[in-house]
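Residue numbers (my numbering): 957 to 1373.
C-beta: ideal position from N, C-alpha, C; glycine also.
This is the structure we're talking about:
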């Protein structure tokens, strides 16, 4: 008998970003396995509503033609600099989703909810008791730890309340899925969550996305893709852009977020003719653009909170086979360094990152080696068609063995032009 799964997520197709892409892949792969999947989500708003007026983002007819996606309309503006406005936005979504669940007459076999925001996880907990079905809690980021990491919310009493709520969610969930192995130790040590309750299913690439394209440009090009916000060290990015200009190395910035305007203003004030800003686009086009570059840049601020995360752009760069130069620590650093997919700055400065970029600029054979390493690692560890088995085992209530991916053929040849 076909099992029916309710997926609850604030982010979903056609939204850009790793969260929307993660849930889209989960939805499609479960459908491919003949599960009856229903999605409760919002209208696309990330990073803003306006871009989704463009039909290019609605590029998957297999989803567009389905009637199993319920989208909650939201009045409040998102991503205001005011923490109160953002809180009201999250609460409005959670409240409307709760109303939907309380009045929904369907029955489900499994509830799958993804967080953050933490309020959406609370919706999932309500669904667990409303439908009397097991809850699989998907954690993409530690919340409220990430709030402390960006330094915009320093109210200890409120943080304490959210931390207690976080523990309740972890305890009440039947299973927890994490997209970063760095989260596992946090959960087991801080909240004493049993290790066998936590399962690792990272963000990944699907078989149609893995690329062998390399830049054929005569100009050496560096790429920054993704959020330019409070978690990223925009100061390092701006200083690096200025230094790259002196070497006539192009920097393409395809991003969005609180700090983007500051970055654009900096580039204009310093007349950085080497910097090119690109508007957010579809995932397929994004991967194509990344593939045309020689190096991918990653930065995070130095807060210890971010030592547990693996930024989605790292997987995207590896999927496209471009070496990484990063200013990160912890788990993200381990992934890059241990698999020789790039170079990580020890000092987290623009000067140090420039030194690594120039080294790769002058050593195309090293870039080729890192490209092969990246593509092989993606095929072995970040491959959606294999990783989805973790979730399927939980839905089928089978013992979840450690994620194991068969070794495919290695990538033996990558040309660097």
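- Judged by DSSP in its simplified three-state form, residue 1078 adopts helix.
- Of the candidates 961, 983, 959 and 1336, the residue whose Cα lies closest to the Cα of residue 970 is 983.
- Short of 8 angstroms from the beta carbon of residue 1014, and not among the five residues preceding or following it, lie these beta carbons of its own chain, in chain order: 970, 1008 and 1020.
- Exclusion of the five residues before and after residue 974 leaves 1159 and 1268 as the residues of its chain whose Cβ lies within less than 7 angstroms of its Cβ.
- In this structure, residue 1232 keeps its C-beta atom at 8 angstroms or more from the C-beta atom of residue 1195.
- Boundaries of the alpha helix (DSSP H) around residue 1328: 1320-1337.
- Residue nearest to residue 1079 within the set 1178, 1098 and 962 is 962 (criterion: CA-CA distance).
- A direct Cα-to-Cα measurement between residue 1087 and residue 1208 gives close to 48 angstroms.
- Taking a 10 Å sphere around the C-beta of residue 1029, we find fewer than 16 other C-beta atoms and assign the residue as exposed.
- Annotated three-state conformation of residue 1125 is helix, per DSSP.
- Counting along the chain, the unbroken alpha helix (DSSP H) around residue 1292 starts and ends at 1286-1294.
- For the 8 angstroms CB-CB criterion, residue 1287 and residue 1325 do not form a contact.
- DSSP places residue 1192 inside the alpha helix (DSSP H), whose first and last residues are 1190-1202.
- The three-state reading of DSSP puts residue 1068 in strand, counting E and B together.
- Within the segment 999-1042, the complete beta strand (DSSP E) segments at least 3 residues long are 1025-1028, listed from N- to C-terminus.
- With contacts defined as CB atoms closer than 8 angstroms, residue 1068 and residue 1098 fail to qualify as a contacting pair.
- Residue 1061 and residue 1163 have their alpha carbons spaced roughly 37 angstroms apart.
- DSSP, reduced to helix, strand and coil, places residue 1052 within a helical segment of the structure shown.
- The three-state reading of DSSP puts residue 974 in helix, counting H, G and I together.
- The bridge partners DSSP lists for residue 1283 are 1255.
- Beta-bridge partners assigned by DSSP to residue 1205: none are found.
- Nearest to residue 1149 by alpha-carbon distance, out of 1178, 1165, 1129 and 1135, is 1129.
- In chain order, 1140 and 1144 place their CB closer than 8 angstroms to the CB of residue 1151, counting only its own chain and leaving out the 5 sequence neighbours on each side.
- Here the alpha carbon of residue 1318 sits roughly 22 angstroms from the alpha carbon of residue 1331.
- Annotated three-state conformation of residue 960 is strand, per DSSP.
- For residue 1177, the enclosing beta strand (DSSP E) has its first and last residue at 1177-1183.
- By the Cβ-count criterion, residue 1023 is exposed, with fewer than 16 other Cβ atoms from all chains shown falling within 10 Å of its own Cβ.
- In the three-state scheme derived from DSSP, where H, G and I count as helix and E and B as strand, residue 1098 is classed as coil.
- In the three-state reduction of the DSSP assignment, residue 1233 falls in the strand class.
- By a beta-carbon distance limit of 8 angstroms, residue 1251 contacts residue 1279. Their separation comes to about 6 angstroms.
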